[in-house]
Amino acid sequence: MSTLTTYQRPDAQGYYGQFGGAYIPEMLHRNVEELKGRYLEIMNEASFQKEFNSLLHDYVGRPTPLYFAERLSKEFNTQIYLKREDLCHTGAHKINNTVGQILLAQRLGKKRIIAETGAGQHGVATATVCALKGVKCIVYMGEVDIERQAPNVARMKMLGATVIPATSGSRTLKDATNEAIRDWINNPNDTHYIIGSVVGPHPYPDMVARLQSVISKEMRLQLKDKTGQELPSAVMACVGGGSNAAGAFYHFLDEPTVQLVAVEAAGHGLTSGFSAATTALGKPGVLHGSKSLVMQTDDGQVVEPHSISAGLDYPGIGPLHAHLFKSGRGLFLSATDEEALTAAFQLAKLEGIIPALESSHALAALGQMKFRSDEKVVLCLSGRGEKDLAAYMKKMNDE
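Quick note on numbering: the sequence shown equals residues 635 to 1033 in the numbering used here.
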């Protein structure tokens, strides 16, 4: 087991504490080793940083605002700031990572991009950067998610991507990831796999966290500008695989005075058999190339997750988050489907902002916390809610 001096970065083998590593088939060994050997060198190049930062500013629309939610703050008797990742180009934080990875793929000489997607936001963000750079794009998406996220499927196709349905298992994010990995095994030479979260074999969890860390970098600067202090009392974010949370937490990980609050999807309830709350229900295991906490049976079969939110409908969690949970550095809560829906309508009516269902889980957890009136709480609003209007309309029709 590794001993880390920082929560930000894994050890040389890609472990955060006991979680991480690269558990991969032989056919992918060369690809992953190439990536591991070159990702930091490429990302630290002046030309990469210049192009990455330029695209984040001029194309993605960064920095995203840090918005003081006055009416929401009164509701919870504390000071709540929303980091507005919903205002990024394509509607979510996912674009930060795909911009970085397409630049990396180009420098590695890859001509074909594959991706997996659940809610469709990562698929849209990948299709977007492939269109920007003129690169072939294939996105794997579960059949169930294709149906419940139809607007994002249409956007991917309009952007020129090929969307291939995953028809096995629960036909959701886990199965789309399986299909993408199979594709990569069959096309190792010309293909780069843009993983959308802080999951997968090393170096993906570290690479994605670094690319998303722009979120917390901006938070610190913006909070100091608005309040005179860089450090909030708490940072809150929803967690499936965990990329928006990793980005929101990154520059606070080694600041022990900042409470890190991660909110998972409880689905119909933790004991219902229909949940995706991995830290509550999972145990150590290997999923999609890394050792982490995984929802599984006693004999190691993956348990099918459930969440109303396609982006949180995943039976595992990134190794960084597993380490934050096991070490006690992060507080892990969960919110049910119904609680997330209620929180989404609350934000819409109090602040005129319709959030994605993923972000609504973080909003739902505000009621589980006890903050003082003078505390500053930053919540990562990871995406906007247009993609979830069908679920919101159903909620309204049912009432």
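All residues carry an ideal CB built from backbone N, CA and C; glycine is no exception.
Rank 662, 673, 743 and 941 by C-alpha distance to the C-alpha of residue 824 and give the top, closest one.
-> The alpha carbon of residue 824 has as its nearest neighbour, out of 662, 673, 743 and 941, the alpha carbon of 743.
7 Å CB neighbourhood of residue 662 in its chain, flanking five on each side removed | Residues of the same chain with a CB within less than 7 Å of the CB of residue 662, apart from the 5 flanking positions on each side, are 818, 819 and 822 in chain order.
Please look up how many angstroms separate the CB atoms of residue 790 and residue 757, rounded, as I've assumed it's under 8 Å.
-> 5 Å
Are at least three pairs of beta-carbons, each pair with one atom in the stretch 766-775 and one in the stretch 829-847, less than 8 Å apart?
-> no
Starting from the Cα of residue 843, find the closest Cα among 815, 701 and 731 and give me that residue.
-> If we check each option's Cα against that of residue 843, 731 comes out closest.
Given residue 1010 as reference, the closest of 706, 875 and 671 once Cα atoms are compared | Of the candidates 706, 875 and 671, the one whose C-alpha sits nearest the C-alpha of residue 1010 is 706.
Span separating the alpha-carbon of residue 858 from that of residue 866 = 9 Å
Can you give the Cα-Cα distance for residue 816 and residue 735, rounded to whole angstroms?
-> Here the C-alpha atom of residue 816 lies approximately 20 Å from the C-alpha atom of residue 735.
In chain order, what residues of the same chain lie with their CB nearer than 7 Å to the CB of residue 833, ignoring the 5 residues before and after it?
-> 839, 875, 922, 924, 950 and 952
Roughly how many whole angstroms lie between the Cα atoms of residue 1000 and residue 710?
-> 7 Å
Backbone secondary structure at residue 922 - three-state DSSP = coil
So residue 892 and residue 868 are in contact, right, with Cβ under 8 Å, and what is the actual spacing, rounded?
-> Between residue 892 and residue 868, the beta carbon gap of about 7 Å places them in contact (Cβ cut-off 8 Å).
Work out the CA separation of residue 996 and residue 897 for me, nearest whole Å.
-> 5 Å
Should the stretch 646-665 be called in touch with the stretch 693-707, which here means at least 3 C-beta pairs below 8 Å?
-> No: the two stretches stay apart, fewer than three of their Cβ pairs being nearer than 8 Å.
Residue 797 - partner residues in DSSP beta bridges = 773
Can you tell which of 1027, 1030 and 944 has its C-alpha closest to the C-alpha of residue 993?
-> That would be 944, whose Cα lies nearest to the Cα of residue 993.
Following the continuous beta strand (DSSP E) through residue 870, name the residue where it begins and the one where it ends.
-> Taken as a continuous stretch (DSSP letters only), the beta strand (DSSP E) holding residue 870 covers 868-872.
Is it buried or exposed for residue 727, if we count other Cβ within 10 angstroms and need 16 for buried?
-> buried
Touch check for the stretch 684-697 and the stretch 982-991: three-plus C-beta pairs under 8 Å?
-> no
Taking residue 781 as the reference, which of 899, 1024 and 794 has the closest Cα?
-> 1024
Let me know the secondary structure DSSP gives residue 778 once reduced to three states.
-> helix
So, using beta-carbon positions, are residue 754 and residue 783 closer together than 9 Å?
-> Cβ atoms of residue 754 and residue 783: closer than 9 Å.
Since I believe residue 1013 is in contact with residue 964 (beta carbons under 8 Å), could you give me their beta-carbon distance rounded to a whole number of angstroms?
-> Actually they do not touch by this definition, with Cβ atoms about 15 Å apart.
Straight-line Cα distance separating residue 725 from residue 971 = 21 Å
Run of the alpha helix (DSSP H) containing residue 1029, from where it starts to where it stops = Counting along the chain, the alpha helix (DSSP H) containing residue 1029 begins and ends at 1023-1032.
For residue 968: DSSP bridge partner residues = 898
Residue 750 - containing beta strand (DSSP E), residue span = 746-751
How about residue 856 and residue 989: do their beta carbons lie closer than 9 Å?
-> no
Pair within 9 Å by beta-carbon distance, residue 651 and residue 835 = no
CA-CA distance, residue 905 and residue 715?
-> 32 Å
Option in 810, 966 and 1002 with minimal Cα separation from residue 977 = 1002
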